[in-house]
Amino acid sequence: MIKRIPIIAGEPDSINSEIIAKSWRNLNKQEKNRIFVVGNYNLLKNQLNFLKINIPLKRINSLKDCKENNLLYVLDVTLNSSEIFPKNKKKVKRYIFECFKLALKIIKNKKIRFLISCPLNKKILFNNSRIGLTEYLSKLDKKKRETIMMIFNEKFSVIPLTNHIRHKSIQKIISKNLIINKVTKISRCYKKVFKKKPNIAITGLNPHNDENRSQSEEKKIILPSIKHLKKKNINVHGPFPADTIFLKNKVKSYNLIVGMYHDQVLAPFKAVNGFDAINITLGLDFLRVSPDHGTGKDIIGKKLADASSLLKAIKFVFKYGYKT
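Written out as structure tokens, the structure reads:
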């Protein structure tokens, strides 16, 4: 049997049904036969009917039911459709977690290396806490491995050392151990996926690297960490001022830019690449890949959603890790 890749339908009140359908239309026949959706069949069907997007959907209860070609199979998460809409946030949360639970079970049993997930409303899912799906997957991992969030583009990618934390806490968290351990893991995971050692640039923490003052984090923490990593034969360079590393003549020299905090690298990355990016979770037995955008609440039902990021996520799976 063909190993199929699960796409979790994600937030019900979103553009997800639209981008799933638009992406599926743009796949070749072989790719169409290798993906399936984990979500509520009636919800997906009703939303596509409203948008007047006609694609061949088929409800299944098991992957053994995938017997025909050129159909988008929906592994039905059988909550009543009325329960799923966002009038009851607890039920929406339950529905999404049920989708993940089912997809992760399939990944484990079939030994699939990839999971594609559509955008989520983190406020509903994680009760307004400062974690995202990257941290959630880390908590689910029985081996308690740390996950890494990489925003990927073929030209260059970015990784923040710290994810969803307040700015006032960043200085307290940045340490030699954090930088050395995380960059070592980043290099190892990157090589496992892409079959090559990455060339990594590391930013400083302060504007202009605090002019390299003796008591700065750059001098006391970041530079010594880089020297240690180089001794471990990791291709790492820096620290670079964050306001210049993204210039075209510099960024083209590196596969990865590792920053000290979330917006330090994600804001310029998105300014340069827009939707030409995907979000990848590294560090687990499988890769979680998703579009690098939100649920698009302002354009729900308007047929305006840009499906390019989800399409890139699907194409990434087939390029870097899919095996029949």
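With the numbering used here as the guide, the letters of the sequence shown map in order to residues 11 to 334.
Built from N, CA and C at the ideal position, the CB exists for glycine as well.
Here the structure is a predicted model, which is why all the values come from computation and not from measurement.
Straight-line gap, residue i to residue j (C-alpha atoms, nearest Å)
{"i": "residue 379", "j": "residue 226", "result": "Residue coverage of the chain in this structure runs from 11 to 334, which leaves residue 379 outside it and unanswerable."}
{"i": "residue 148", "j": "residue 301", "result": "19 Å"}
{"i": "residue 29", "j": "residue 221", "result": "46 Å"}
{"i": "residue 18", "j": "residue 128", "result": "6 Å"}
{"i": "residue 142", "j": "residue 174", "result": "7 Å"}
{"i": "residue 82", "j": "residue 195", "result": "36 Å"}
{"i": "residue 180", "j": "residue 272", "result": "10 Å"}
{"i": "residue 27", "j": "residue 280", "result": "24 Å"}
{"i": "residue 320", "j": "residue 36", "result": "11 Å"}
{"i": "residue 177", "j": "residue 276", "result": "14 Å"}
{"i": "residue 185", "j": "residue 170", "result": "14 Å"}
{"i": "residue 74", "j": "residue 117", "result": "15 Å"}
{"i": "residue 253", "j": "residue 237", "result": "22 Å"}
{"i": "residue 329", "j": "residue 223", "result": "45 Å"}
{"i": "residue 112", "j": "residue 201", "result": "29 Å"}
{"i": "residue 285", "j": "residue 100", "result": "31 Å"}
{"i": "residue 267", "j": "residue 241", "result": "19 Å"}
{"i": "residue 159", "j": "residue 289", "result": "7 Å"}
{"i": "residue 327", "j": "residue 318", "result": "14 Å"}
{"i": "residue 307", "j": "residue 182", "result": "35 Å"}
{"i": "residue 40", "j": "residue 13", "result": "12 Å"}
{"i": "residue 48", "j": "residue 62", "result": "21 Å"}
{"i": "residue 206", "j": "residue 193", "result": "15 Å"}
{"i": "residue 67", "j": "residue 55", "result": "8 Å"}
{"i": "residue 57", "j": "residue 102", "result": "16 Å"}
{"i": "residue 187", "j": "residue 311", "result": "48 Å"}
{"i": "residue 337", "j": "residue 46", "result": "What the structure shows of the chain is the stretch from 11 to 334, and residue 337 is not part of that stretch, so it cannot be assessed."}
{"i": "residue 43", "j": "residue 235", "result": "47 Å"}
{"i": "residue 163", "j": "residue 115", "result": "29 Å"}
{"i": "residue 249", "j": "residue 228", "result": "7 Å"}
{"i": "residue 303", "j": "residue 231", "result": "33 Å"}
{"i": "residue 133", "j": "residue 98", "result": "13 Å"}
{"i": "residue 78", "j": "residue 265", "result": "40 Å"}
{"i": "residue 239", "j": "residue 166", "result": "21 Å"}
{"i": "residue 282", "j": "residue 258", "result": "10 Å"}
{"i": "residue 137", "j": "residue 243", "result": "42 Å"}
{"i": "residue 313", "j": "residue 197", "result": "40 Å"}
{"i": "residue 31", "j": "residue 172", "result": "34 Å"}
Residues sharing a beta bridge with residue i, DSSP
{"i": "residue 247", "result": "211"}
{"i": "residue 4", "result": "Residue 4 is absent from the model: the chain starts at 11 and stops at 334."}
{"i": "residue 179", "result": "None, per the DSSP bridge assignment."}
{"i": "residue 306", "result": "BP columns for residue 306 are empty, so no partner."}
{"i": "residue 86", "result": "49"}
{"i": "residue 267", "result": "168 and 211"}
{"i": "residue 67", "result": "82"}
{"i": "residue 124", "result": "297"}
{"i": "residue 162", "result": "288"}
{"i": "residue 17", "result": "47 and 126"}
Supposed close pair residue i, residue j - CB separation, criterion 8 Å
{"i": "residue 246", "j": "residue 212", "result": "6 Å"}
{"i": "residue 84", "j": "residue 108", "result": "About 14 Å; that fails the 8 Å criterion."}
{"i": "residue 315", "j": "residue 161", "result": "Actually they are not in contact, since the Cβ atoms of residue 315 and residue 161 sit about 20 Å apart, beyond 8 Å."}
{"i": "residue 72", "j": "residue 324", "result": "Rounded, the Cβ-Cβ distance is 22 Å, inconsistent with contact."}
{"i": "residue 106", "j": "residue 16", "result": "The Cβ separation is near 14 Å, so there is no contact."}
Cβ neighbours of residue i in the same chain (closer than 8 Å, five flanking residues each side left out)
{"i": "residue 263", "result": "209 and 211"}
{"i": "residue 2", "result": "Residue 2 lies beyond the residue range present for the chain, which begins at 11 and ends at 334; the question has no answer from this structure."}
{"i": "residue 331", "result": "123, 124, 203 and 297"}
{"i": "residue 251", "result": "213, 214, 217, 218 and 219"}
{"i": "residue 199", "result": "158, 292 and 293"}
{"i": "residue 305", "result": "20, 21, 23, 24, 25, 26, 129, 130 and 131"}
{"i": "residue 64", "result": "58"}
{"i": "residue 60", "result": "311"}
{"i": "residue 80", "result": "39, 42, 43 and 66"}
Cβ-based neighbour list, residue i, same chain, cut-off 6 Å, excluding 5 preceding and 5 following
{"i": "residue 269", "result": "170, 213 and 275"}
{"i": "residue 168", "result": "161, 267, 275 and 279"}
{"i": "residue 189", "result": "235"}
{"i": "residue 322", "result": "288"}
{"i": "residue 417", "result": "Residue 417 is absent from the structure shown; the chain starts at 11 and stops at 334."}
{"i": "residue 155", "result": "293"}
Residues of its chain near residue i, where Cβ-Cβ distance is below 7 Å and the 5 sequence neighbours each way are ignored
{"i": "residue 69", "result": "51, 84 and 86"}
{"i": "residue 278", "result": "256"}
{"i": "residue 135", "result": "103 and 106"}
{"i": "residue 233", "result": "249"}
{"i": "residue 309", "result": "25 and 315"}
Cβ contact check for the region 118–128 and the region 291–307: 3 or more pairs under 8 Å = The way I'd put it, the region 118–128 does touch the region 291–307; three or more beta-carbon pairs between them come closer than 8 Å.
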